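Okay, structure first, notes after.
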Amino acid sequence: MVSFKTLMSHTTTLKHTEDDQASRQRALNLTESFIVQAPAGSGKTTLLVQRFLTLLQHAKSPEDILAITFTNKAANEMRVRIISALKAAALPSPTGGELGWGDQNLSTTLSLAKKALEHSQALNWHLLENPNQLRIQTIDAFCAYLTKQLPHLSDCGPQSEITDLPQFLYEEAVEKTLLQLEENTTWSSDIAHLLLHLDNNFNKLRDLIIALLSKRDQWLAYLHFENDEVRLRNQLEKNLAQVVTDHLVYLNTLVTQDHMWELCDLAEFAAENRRLTDSAKPSNEASPSPRGEEDASFEGNVLTTWRNIAHLLLTQDGEWRKKLDVRMGFPPVKNAATAEDASRFVSYKTRALNMLSILEDQDAFRLALSNLWLLPNPCYTETEWQTLRALFSVLKISVAELRILFQNQSKIDFIENMHTAMTALGLDDSPTNTALTLDDQIKHILVDEFQDISHTQFQLIELLIRGWSPQDGRTLFFVGDPMQSIYRFRNAEVSLFIRTWMVGINTLPLTPLTLTSNFRSSQKIVDWHNTYFKKIFPEINNLSEAAVPFSASIARVAKQGVQPEIFAFCDETDTEQAKQVVALILNERFNHPENKIAILVRARDHLKPIIPLLKDANIPYQAIDIDPLFEKQVILDLVSLTSALIDPANRLAWLAILRAPWCGLTLSDLTLLTENTPDNILYEQLNCTEVIQSLSLAGQERIARTLPILKSALKNRAREALRSWIENTWIALGGPASLTNEADLEDANAYFTLLAKFNNAGESFSIKQLLARLKKLFATPKHHESAVQLMTIHSAKGLEFDTVILPYLERKGALDDHALLLWMTYLANDDDKALLLAPIKKTGFETEKIYSYILNQQKIKFNHEKNRLFYVATTRAKHHLYLLCNITQNAAGVPIIQSDSFLKKLWPLIEKDIPIKTTCPTIDHIAPAKEPQLMRLSEAWQHPLSNTRLPPIALHDQSGGFKLKDPTPQLLGIFLHQMLQAFSIRHTPWWQEQSEHAQKQYIHHHLMQLGLPTSTLPSSVLSAHQMIRNILQDTRANWILKAHTEAQSEWAISINLKNEIKNLVIDRTFIDETGCRWIIDYKTTTFDEENLESALIAAGKKHTKQMQGYKTAIQLFDSRPIRLGLYFPTVPAWHEIIA
């Protein structure tokens, strides 16, 4: 076993002595398991594909091989490449172009694919005909598969679906928990303690616990490992003590024994003089900690000695001292009482300065000394512990409430999906049948992007292979690049890659391999990376800090390329930097029109100064996940329309839709509508004749056109599918006509698709949920072959571009440093994992040392990842790389660089060679900015189509009916109801005058709006078309639908029956020639023609009570005779009910 100390101080980077080609060849050896470091551009996916194809040559079944990725994109790419290789190998003379992707080892890939195909044919796998046998899955999909294998172990039931918006479930669970404050439960006092700790800020406590629930996979296991409070506290404090001990041991490894004795003697001398002279005390950052007795009792004089050494050698900023005086414990000679003392003063000061000279290049030792002041207390204060104990209690209840919600709503999140999958595999010492089955099935596991694995995902892999042993023929193949680990916000832990590289996984050793070839970037770009990132990255691996050293690459691209360029400006407004970006793009497009250009940024809002200039310069661009859909005007208008129709009392929403382009009231007209009636419902104002007549003539015309449409929509509220209801209303208002480009139309369609999801998923709808989902969506990118790509660096990972522009290197990222609970897994010197926990500080008090220590460790990891993110960004470039930054200077002209910016470590390496500019070259291509135009339809605008909307079908009283389980017949029935209503209102010529093709297109459109499954659409369109033809040829149908006295379709009435309000909707009613009222209900049931008569009688008996209810309701206000009938349009057939 390799100890943590070995890992901590290991000075070699993740490299291997074998050359690149030998490593690639060895990776195909199926007798070994491997972990491969594959830097940017090294052909990682090609190697994975080759390994997979090699495994296929020897597998007994394709299911023996499991390939795991972390994104759908990566899984799809691997699957496509493997299938493409197999298809190409099946050709008589493959050229490689059939692959559809570049392959640096084309002949090897085709050869392996050919052998795999031959093996497939020999065993009758038929891989080309049935590629679904290939087990290439995301880890979430694999977990979902495991969950389904053992549903009774899941607390959520077998039908649970993974929700993409669990935030509402978190909120509800936390609110249910906190509302138990006054219910006298055993945890009510814990809730009260936390509220008091946060100054009774309920919302803050609620939000902080919600944030913790979204990360519970990281801490939940720790909350259950010990229920005895005393033992739990002892263990946690033992872990804290271990942190301090390990740091002292680490310090001892950084200096020689001789230097150590010298430093102890010097520090003792200086400390004694400080005490004797009672000089000024050192600051909090560079003086012994005020923890008093706790420090004295912990590690005795060792910690005190080291802190004295730190005070001797370091300034308050943690830098080496340049001089020594009485404040550091070195009194002047004049203060000496004797000549001997004077000689001693001079000797000690000379020795101390000499030691500083010796140590000035020992940066690791300097950092370790400065970190002495950041070490945690080895014991919790009583306040800390009581807060921590209360947190444990409340978090457990919150998790329990969340799981109840999961069960009740048949929904889970990705964390619960993982937890349930691990439950399905069983504990280490008691595997389930599912685990045993998988152990027998899976012989080889490949994991892509292994640097992005989380602790929980790593545990899942450990469970899958717990029965494996070396030399049993089963293999692992992990591929990744720790230099590209940039997903800590998704719980990725790069230290797991480092640890696995060093010691393997479980009892399985993995052979480490490093690829060094770069097939992407030109020589000069690769050289630039090798020069600068070697200095930007840390020198050694450090598991506890998630630090990864740089691994150099060798360019395999023939072109030398162009040296990367850096532009530094002194411009607080960012304008000049944005202009320089546009100038670079114009120059690139002129000199290299075929090149793909990308602007990559750390955060989306960094593009705000650039996008307007791109528009002004008429440069086409594609914003990938950049423009939030919610910020688009067309979406804001649609949200207002939806809000207004759902809640007619929503004054703000009604103001917005009246101002929207399809109505377009002027501000003066809106003022007249609202100024004297601030508390009135705006919709009621619109129905007031006097109010409308007070508007301008143009405003009256606009209201006259739009109000009937809105009235009709309100009458049909909750009577049709949500998407159909809003979309049809928007179309009728003229929404599409108010748009200026196709992208807006695509954005609107994305909104309607989102509305449809609420119906299709059976989810309850609320504006709050709609807005939450909208915030996760982005505007449709504009399609243009030569468009400049705009995206975040995270979105660009895995992509490559001819030219990459990185602006705003000086800007910093966001770090959440106010969590209610901080935790970390500390890897101790004895190779054990130690848990550290700390609660947030009490409001109004200083942050405790333990919390500060963990937070500082997180900031260290954050900064290391920031440097890796910078590396990912620059390695996307193939031929040209441009970097831009703004430099802020102090009064003395010294640059001030943000500590967590890309520029922090780069600037000291380049500042002597990069002049700071104040302006950029003039750009002649930029057109003057256009004033935004108010878009609205004219008051005389009329819809070009008069029959674009079917009248919606109302909801019927369900007390006497039944529900069909198959949605297709039910949706067809709804559509036929709509058509019957349309025929009764518009009569039949409007339909019969259309061509058969137009009729079917019409049916297709409306069935799709109802949410009919795509797979059944073609056959359903044919069925519906035939049904309509039968109806129009049916004499009884023509009688029902023709114009009658007092005819009503979908007649909604409300009546008071036995002091209960009943809302009823009658499909069709009218007065016939004899003065009798008919009440007719449409039924979409189908019958066998051979038993039609008996089926109609049975249906009549079944619905007699329902129809009698309609009759009773009508008789309350109509004394005329009433007759009842059922019409079955799908047959068609008729049955009169005698009641």
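Residue numbers (the working numbering): 89 to 1227. Just so you know, even glycine gets a beta-carbon here, dropped at the ideal spot from N, CA and C. Please read these numbers as outputs of a predicted model, since none were measured by experiment.
Pairing residue 1207 with residue 729, the inter-Cα distance amounts to about 42 Å. Looking at the DSSP output, residue 533 shares a beta bridge with 154 and 564. Collapsing the DSSP output to three states places residue 1153 in a strand. The beta carbons of residue 1166 and residue 1117 sit no closer together than 8 Å. Within the model, the alpha-carbon separation for residue 448 versus residue 157 is close to 46 Å.
For residue 686, the uninterrupted beta strand (DSSP E) run begins and ends at 685-689, by DSSP. Proximity to residue 933 across 543, 1031, 471 and 1026 peaks at 471, based on C-alpha coordinates.
Linking residue 810 to residue 1111 through their CA atoms gives a straight-line distance of about 24 Å. In terms of Cβ geometry, residue 162 and residue 569 do not form a close pair [threshold 8 Å]. The Cβ-Cβ distance between residue 832 and residue 727 does not fall below 8 Å. Around residue 478, the same chain offers 278, 281 and 282 as residues with beta carbons nearer than 7 Å, after the five sequence neighbours per side are excluded. Around the beta carbon of residue 466, 16 or more other beta carbons lie within 10 angstroms, which makes this residue buried. For residue 879, the enclosing beta strand (DSSP E) starts and ends at 876-880. Rounded to the nearest angstrom, the gap between the Cα atoms of residue 428 and residue 984 is 48 Å. Of the candidates 698, 523 and 582, the residue whose Cα lies closest to the Cα of residue 234 is 523. Exclusion of the five residues before and after residue 1100 leaves 1056, 1059 and 1108 as the residues of its chain whose Cβ lies within less than 7 Å of its Cβ. Around the beta carbon of residue 731, 16 or more other beta carbons sit within 10 angstroms, so the residue counts as buried. In this model, residue 580 and residue 108 are separated by some 27 Å (Cα to Cα). By DSSP's assignment, residue 499 forms a beta bridge with 249. Here residue 1141 is bridged, per DSSP, to 1152. In the three-state reduction of the DSSP assignment, residue 1158 falls in the strand class.
Counting the other Cβ atoms within 10 Å of the Cβ of residue 982 gives fewer than 16, which makes it exposed.
Looking only at 924, 601, 147 and 577, the smallest Cα-Cα distance to residue 529 is reached by 147.
In the DSSP annotation of this structure, residue 1167 is not part of any alpha helix (DSSP H); the continuous beta strand (DSSP E) holding it starts and ends at 1165-1170. Inter-segment contact for the segment 850-870 and the segment 654-665 is absent: fewer than three beta-carbon pairs are separated by less than 8 Å. Non-local beta-carbon contacts of residue 308 in its own chain, meaning distances under 7 Å to residues more than five positions away in sequence, involve 487 in chain order.
Take residue 1124, set aside five residues on each side of it, and the residues of its chain with a beta-carbon closer than 8 Å to its own are 1215, 1220 and 1222, in chain order. DSSP places residue 215 in no alpha helix (DSSP H); its state is neither H nor E. Less than 8 Å separates the beta-carbon of residue 631 from that of residue 583. With fewer than three CB-CB distances shorter than 8 Å, the segment 735-742 does not count as touching the segment 693-711. The alpha helix (DSSP H) runs of length 4 or more contained entirely in the segment 113-164 are, from start to end of the chain, 132-144.
Here DSSP, grouped into helix, strand and coil, assigns residue 1219 to coil.
Secondary structure note for residue 966: its beta strand (DSSP E) is the uninterrupted segment 965-974. As computed with DSSP, residue 1004 is found in a beta bridge with 656. In terms of Cα proximity to residue 111, the closest of 605, 920 and 651 is 605. In the DSSP assignment, residue 538 falls outside any beta strand (DSSP E) and carries neither an H nor an E.
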